[in-house]
Structure formats: C-alpha cells, structure tokens
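J.: Throughout the sequence shown, residue numbering follows our numbering, covering 1 to 122 in sequence.
Glycine residues also receive a C-beta, built at the ideal position from the N, C-alpha and C atoms.
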Amino acid sequence: VDDSPSVRRVVGNMLKQHGWEVQMARDGVEALEMISREMPAAVLLDIEMPRMDGYELIATVRSQEQYRMLPLVILTSRAATKHQQRAMQLGANAYVVKPYQDEDLLNTLNSLVYGAMSVRGR
Numbered sequence: 001v002d003d004s005p006s007v008r009r010v011v012g013n014m015l016k017q018h019g020w021e022v023q024m025a026r027d028g029v030e031a032l033e034m035i036s037r038e039m040p041a042a043v044l045l046d047i048e049m050p051r052m053d054g055y056e057l058i059a060t061v062r063s064q065e066q067y068r069m070l071p072l073v074i075l076t077s078r079a080a081t082k083h084q085q086r087a088m089q090l091g092a093n094a095y096v097v098k099p100y101q102d103e104d105l106l107n108t109l110n111s112l113v114y115g116a117m118s119v120r121g122r
C-alpha cells in the first residue's frame with residue numbers, strides 16, 4: 001500500500017520474483033476494500049498517503065477482530081523513532097526504513113507469515 005507508483009512497482013516486482021502473489025493499493029481506503037474481499041498473508045504499507053494514511057490503516061485494521069493477527073509491515077522513509085513508536089503502538093508488526101535491503105524485507109515477511117523457522121524465499 002503506497003501512493004507512489006514506482007514504489008509499488010519495485011516492491012511488487014521484487015516480491016513476485018520471490019514467489020509472492022502481490023496485490024497493490026494506492027492508499028488505506030483502497031487497501032481496506034481489498035482486505036475485506038480477500039484476507040492477505042500480510043500487508044506492506046507506507047505511512048504518508050492520501051485519503052487514509054498508514055497510521056489510520058493500522059488503527060482501522062487492528063480495531064476489527066478478524067484482522068487482529070494480520071501481519072502489518074511499515075515500509076517508509078520516515079526513520080525517526082517517534083514514527084516507529086507510533087506505528088508499533090498502533091499495532092504494526094515490523095517497521096522497515098527505505099532504502100531497505102530486499103533480503104531484510106523478505107526475511108521480515110517470511111518470519112511474520114511463516115514463523116521464525118521459515119525457509120528463505122518460500
């Protein structure tokens with residue numbers, strides 16, 4: 001979930017190359033519509049987006065019982081501790097700062113979706 005088409009393309013392509021099925025949303029409103037239709041394995045989301053930002057998306061998702069365990073991974077350029085603390089307090093599972101290493105992001109996703117003993121690259 002990112003309002004930047006280039007970020008969606010780059011991250012989406014990298015995930016697809018590693019066996020993930022990817023759906024993309026431009027903002028939190030679009031993401032909520034998609035999540036309500038089909039529960040994803042995890043959600044990667046930015047903080048700053050129009051209509052509904054990442055903080056609002058986390059709070060909305062976490063307020064609904066069926067999504068309490070859905071892994072939410074922040075992917076943002078906001079490196080300040082205050083942004084990370086707020087995201088984690090709202091219920092994010094991980095906080096990844098851009099620029100990131102593909103392997104780090106994949107390891108984070110694998111561990112949240114498949115558990116600590118997951119095999120790299122699915």
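Taking the alpha-carbon positions, what's the D53 to V61 distance?
T.: So the alpha carbons of these two residues sit roughly 12 Å apart.
J.: With H, G and I counted as helix, E and B as strand and the rest as coil, what does DSSP make of A31?
T.: It is helical.
J.: Could you check what DSSP says for V43 in three-state terms: helix, strand or coil?
T.: It is a strand residue.
J.: Have a look at the DSSP bridge pairing and note the partners of V22.
T.: Its beta-bridge partners do not exist; DSSP assigns none.
J.: Quick one: Cα of S77 to Cα of D46, how far?
T.: Distance between the alpha carbons of S77 and D46 is about 8 Å.
J.: Among G28, K16, G19, H18, which has the Cα closest to the Cα of S4?
T.: Checked all of G28, K16, G19, H18; the closest Cα to S4 is G28.
J.: Going by alpha carbons, who is nearest to D2 out of M49, A80, E33?
T.: Checking every option, the nearest Cα to that of D2 belongs to M49.
J.: Report yes if the CB atom of L106 is closer than 7 Å to the CB atom of A42, and no otherwise.
T.: No.
J.: Hey, could you find the ends of the beta strand (DSSP E) V73 is sitting in?
T.: Segment 72-76, the beta strand (DSSP E) holding V73.
J.: Spatial neighbours of Y100 within its chain, please: CB distance less than 8 Å, with the 5 preceding and 5 following residues excluded, ordered by chain position.
T.: Here the set comprises L75.
J.: Using only the alpha-carbon positions, how far apart do R51 and S63 sit?
T.: Going from the Cα of R51 to the Cα of S63 covers about 18 Å.
J.: Let's see if you can read the secondary structure: which residues bound the beta strand (DSSP E) around Y95?
T.: Its beta strand (DSSP E) spans residues 94-97.
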